[in-house]
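Quick notes on the structure that follows.
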Amino acid sequence: MSNLKTLSKVVELATRRRDDALAALGQAQRELQAAQDQMHQLRSYADEALQRWATRSTGGGVDANLLHHHRQFMEKITHAIEFQRTVQSSREALVDKVQAQVYAAERDVAGLRKYAERQQQALDLRLLRQEQKATDEMALTVHLRQIQSQAQGLRS
928 MSNLKTLSKV
938 VELATRRRDD
948 ALAALGQAQR
958 ELQAAQDQMH
968 QLRSYADEAL
978 QRWATRSTGG
988 GVDANLLHHH
998 RQFMEKITHA
1008 IEFQRTVQSS
1018 REALVDKVQA
1028 QVYAAERDVA
1038 GLRKYAERQQ
1048 QALDLRLLRQ
1058 EQKATDEMAL
1068 TVHLRQIQSQ
1078 AQGLRS
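This is the structure:
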């Protein structure tokens, strides 16, 4: 019975580990979504800036100073997009890693539960056999007493 209690604790710990992994996965997915939202925002901002530049440049001449500022601005946005791409990639890798941990934890919990179930079934079977043996022994004892009683009755 002690082994089943220990096994129950192990299943409980594995379940807690799985729940922690699920919580970490949720956090990693939220961080990935935030990185994707940031990337979308940066790209939209860059597209708007290019659209404004296209509108401004077709309307007339553009001086060199304005062109220089526009290029600097676009370089900064491009750099921010590249940086955000690395952030997003690292978040995707983290989600994949944590997802693998969740799968492993779920597999462990399922395996441990199945093992605990088999152990409980084996214990139940042993108890059933012990009860059957005790019943059989008691029936044999009763039968032997009856035979002995009958034998003594015949002798008298």
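As numbered in the working numbering, residues 928 to 1083 make up the sequence shown, in order.
In this text, a Cβ means the ideal position worked out from N, Cα and C, and glycines have one as well.
For Arg1056 and Ser898, the rounded distance between their alpha carbons: A query on residue 898 cannot be resolved here, the shown segment of the chain reaching from 928 to 1083 and no further.
DSSP state of Gly1080 mapped onto helix, strand, coil: Counted from its first residue, the sequence shown places residue 1080 at position 153. The answer is helix: DSSP assigns Gly1080 an H, G or I state.
Helix, strand or coil at Val989 [DSSP, three-state]: Within the sequence shown, numbered from 1, the residue matching residue 989 stands at position 62. Val989 falls in the coil class under three-state DSSP.
Chain-order list of residues whose beta-carbon lies under 8 Å from that of Ile1004 (same chain, five-residue window excluded): The residue given as residue 1004 occupies position 77 in the sequence shown. Excluding residues within five positions, the ones whose Cβ falls inside 8 Å are Leu969, Tyr972, Ala973 and Ala976.
Proximity to Glu1017 [Cα-Cα], best of Arg983, His1006 and Gln963: Against the sequence shown, residue 1017 aligns to sequence position 90. Looking at the sequence itself, residue 1017 is Ser, so the reference to Glu does not match. Selected option, being the one with the closest Cα: Gln963.
Distance between Gln1048 and Lys1041 (C-alpha atoms, nearest Å): As a first step, residue 1041 must be located in the sequence shown, where it is residue number 114. As a first step, residue 1048 must be located in the sequence shown, where it is residue number 121. Computed Cα separation, rounded: 11 Å.
Length of the line joining the Cα atoms of Gln1028 and Ala948: If you number the sequence shown from 1, residue 1028 lands on position 101. If you number the sequence shown from 1, residue 948 lands on position 21. Gln1028 and Ala948: Cα-Cα distance of roughly 6 Å.
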